[in-house]
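In our numbering, the protein residues as written are 69 to 184. All remarks here apply to the structure that follows.
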Amino acid sequence: MRKKIKFVLITLIGVSAFASLIIFNFNLYKKPETLESVKDISLFVDYNNGTIKTRTNFTLDNGKTTAFDALEKWCIIIYDDFGWGIIVRAIDGVSGSWIYRNPNLFVSSSILHKTF
């Protein structure tokens with residue numbers, strides 16, 4: 069009888085801990101707030117072969133205001149969307165390790181789905 073109570077108690081503690089972990093993880097992710105519109109944007113794509121594509125003074129709107137959206141507007145890109153971020157594989161047929169620079173922050177390793 070005592071073993072049965074101990075087993076039930078350990079099972080309840082285990083199930084409670086697992087349920088708490090699941091609930092915590094579901095509440096952890098919050099979709100980042102995006103701006104409805106961003107104006108006066110400049111995009112510079114350096115292909116590291118002497119070619120630099122420049123687009124200046126353009127606007128992103130309709131909530132599509134990430135660096136990825138700016139790149140997608142002006143370039144042909146190949147990318148993988150994993151839900152947690154986008155990895156750019158090639159820009160205008162040129163593949164390699166991409167770096168996204170913003171004066172206020174630094175993100176590298178091809179992850180461009182950062183709201184600015």
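Note that the Cβ used here is the ideal one computed from N, Cα and C, for glycine as well.
CB residue i to CB residue j, shorter than 8 Å?
i	j	result
I109	A138	yes
T133	L103	yes
C143	K107	no
What is the rounded straight-line gap between the Cα of residue i and the Cα of residue j?
i	j	result
N116	G161	13 Å
E101	F136	15 Å
D129	S105	4 Å
G118	D148	27 Å
K72	I146	58 Å
I91	S84	10 Å
T124	V113	12 Å
Applying the 10 Å Cβ sphere with the 16-neighbour rule, what's the burial state of residue i?
i	result
I81	exposed
R70	exposed
G151	exposed
V156	buried
L89	exposed
I154	buried
Helix, strand or coil for residue i, going by three-state DSSP, please let me know.
i	result
S105	coil
F86	helix
D160	coil
F75	helix
D114	strand
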